[in-house]
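*Asks:*
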Amino acid sequence: MKMPFSRTHRRRNALLTPGMGLATAGVVVFAVVILILRTVFPGAIAFVADPLWRVGSGLAGAAGTTAGAGIDQATLAKERDQLLAENAALRQQNATLAARSSDLTRLLGTRTSAPEGILASVLARPPVSPYDLYVIDQGTNAGVRVGARVEGPGGAPVGTVEDAGPATARVLLYSATGRTTEGWAGETRMPITLEGAGAGSFRASLPRESAVAVGDQVYVSGDGALPIGTVVRLDTDPSSPRAIVHVRPLVNIFSLPYVTVAR
Amino acid sequence: MLRIALIILTFVAPFFFPWQITLIIVLGAAFFVPILGLFAGVLTDVLYYVPSAAPMPVATIIGVFIFLLGLVVQEFVKTRIMGA
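As given, the protein sequences belong to chains D and Y, one line each in that order. When the count follows numbering that gives the first Met the number 0, it moves up by one through the first sequence with no breaks and lands on 262 for the last residue. When the count follows numbering that gives the first Met the number 0, it moves up by one through the second sequence with no breaks and lands on 83 for the last residue.
(1) Who are the near neighbours of residue 43(D) in its chain, counting only those whose CB is closer than 6 Å to its CB and skipping five residues on each side?
(2) Hey, how far is the Cα of residue 134(D) from the Cα of residue 90(D)?
(3) DSSP on residue 27(D), reduced to helix/strand/coil?
(4) Would a check of beta-carbon distances place residue 49(Y) closer than 8 Å to chain D?
(5) Report yes if the C-beta distance between residue 193(D) and residue 246(D) is below 8 Å; otherwise report no.
(6) Indicate whether the contact test is met: 3 or more Cβ pairs, each with one atom in the stretch 244–259 of chain D and one in the stretch 80–94 of chain D, closer than 8 Å.
(7) Under 7 Å Cβ to Cβ from residue 9(D), same chain only, skipping five residues before and after it: list those, please.
(8) Shorter than 8 Å from the beta carbon of residue 11(Y) to some beta carbon of chain D?
(9) Please report how far the alpha carbon of residue 46(D) lies from the alpha carbon of residue 6(Y), in whole angstroms.
(10) Buried or exposed: where does residue 181(D) fall if 16 or more other Cβ atoms within 10 Å of its Cβ makes it buried?
(11) With DSSP collapsed to three states, give me the class of residue 218(D).
(12) Could you compute how far the alpha carbon of residue 265(D) sits from the alpha carbon of residue 257(D)?
(13) Output, in chain order, the set of chain D residues within a Cβ distance shorter than 8 Å of residue 46(Y).
(14) I'd like to know whether the C-beta of residue 9(D) is nearer than 8 Å to at least one C-beta of chain Y.
(15) May I ask you to list the residues that DSSP assigns as paired with residue 115(D)?
(16) Can you round the beta-carbon distance between residue 34(Y) and residue 8(Y) to whole angstroms, since I take them to be within the 8 Å contact cut?
(17) Does any C-beta atom of chain D lie closer than 8 Å to the C-beta of residue 58(Y)?
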């Protein structure tokens, strides 16, 4: 028997239905509008996204606190004892450093005081951002400029400002996949090209006979040599004249709440 | 109701969840509403992409693939239902 022709059947079998085509066109128009907005009014998207990022950041913090509540008492007590011991040692070290600082200040005045940076809160960080990138809550209104170095606690460099709007800025971390940064390794300051490996870590290639060892500090240039990480592994292959150096960053990029942007 | 929940979840995921979780959510959502894959990809790149981070907006490209995958899966499911 001959099957009757059905227009609805044809439509149902089509991969891209008229409704879906319309939706695709809508997304494309949305993308173009967003692109124009991002170029002409760089602060508009951040203005809309800012409250959501803040809620997300707050929720992540609350989730961390709740997760911590499940740890048993024995572990907590052990951790507390360790922290008390560490605190006593640090207090002693702090007293020594304070005395030394006082002596040096008396000797040199305050000429060595570091220039103040711009304190910024991290709104979005990896792994929420798929690229190794921070979104911070300070922008050009606060003096943030593209290319400025961004530092974590203790002045450890974490990245540079890549894009700045009036109220927010995007910071590309040194550990972004494929990003290369010149630096030095070890006490001998062996020149090294750090390559970002994502998730906060780095890799580098060095001659196998170089004096770099596990535990050596790795530095990048700034106001002097700024420590950025520690060598955690050296991969050598008898058939290769070079060794692969794996570097772990000094700061945990996944949990940094604040950063400082150099002026 | 499910579609509305999926749309809301896809919209907030790039702000709240790690990208791996977002990817899983979007993959699931795209089986019901394929266009959400493309939408989530574009939104992620609007929020986080800078040209020096990657040569191409990777999230958008993944979004396009998820969109196409969602279309194929949806069509496959329709065909199975019709054939049954």
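Heads up, the beta-carbon is just placed ideally off N, CA and C, and yes, glycines get one too.
*Replies:* On the basis of the data shown:
(1) Translated into the one-based positions of the first sequence, residue 43(D) becomes position 44. So the qualifying residues of the chain are 36.
(2) For the purposes of this step, residue 134(D) is taken as residue 135 along the first sequence, with counting starting at 1. For the purposes of this step, residue 90(D) is taken as residue 91 along the first sequence, with counting starting at 1. Whole-angstrom Cα-Cα distance: 35 Å.
(3) Along the first sequence, one-based indexing puts residue 27(D) at 28. Note: residue 27(D) maps to helix in three-state DSSP.
(4) Here residue 49(Y) refers to the residue found at position 50 when the second sequence is read from its first residue. Cβ-Cβ to chain D under 8 Å: yes for residue 49(Y).
(5) Counted from its first residue, the first sequence places residue 193(D) at position 194. Counted from its first residue, the first sequence places residue 246(D) at position 247. Yes, the Cβ-Cβ distance between residue 193(D) and residue 246(D) is below 8 Å.
(6) no
(7) On the first sequence, residue 9(D) is found 10 positions in, with the first residue counted as 1. Confidence in residue 9(D) is poor, its pLDDT being 49 and thus under 50, which makes the residue's placement too unreliable to answer from.
(8) If you number the second sequence from 1, residue 11(Y) lands on position 12. Yes - at least one Cβ of chain D is within 8 Å of the one on residue 11(Y).
(9) Working through the first sequence from its first residue, we reach residue 46(D) at position 47. Working through the second sequence from its first residue, we reach residue 6(Y) at position 7. For residue 46(D) and residue 6(Y), the distance between alpha carbons rounds to 22 Å.
(10) Reading the first sequence from its first residue, position 182 is the one you call residue 181(D). Residue 181(D) comes out exposed.
(11) For the purposes of this step, residue 218(D) is identified with residue 219 of the first sequence, where counting begins at 1. DSSP places residue 218(D) in strand when its eight states are reduced to three.
(12) Residue coverage of chain D in this structure runs from 0 to 262, which leaves residue 265(D) outside it and unanswerable.
(13) Residue numbering aside, residue 46(Y) sits at position 47 when the second sequence is read from its first letter. In chain order: 44, 48, 123, 128 and 134.
(14) In the first sequence, residue 9(D) corresponds to position 10, counting from 1. At residue 9(D) the pLDDT is 49, less than 50, meaning the model places this residue with poor confidence; the figure from the coordinates comes in the next sentence. Residue 9(D) does not count as touching chain Y.
(15) As a first step, residue 115(D) must be located in the first sequence, where it is residue number 116. Note: residue 115(D) sits in no beta bridge, so no partner.
(16) Residue 34(Y) sits at position 35 when you count from the first residue of the second sequence. Residue 8(Y) sits at position 9 when you count from the first residue of the second sequence. Not quite, the Cβ-Cβ distance comes to about 14 Å (not below 8 Å), so this is no contact.
(17) Locating residue 58(Y) in the second sequence gives position 59, where the first residue counts as 1. Closer than 8 Å to some Cβ of chain D, the Cβ of residue 58(Y) qualifies, so yes.
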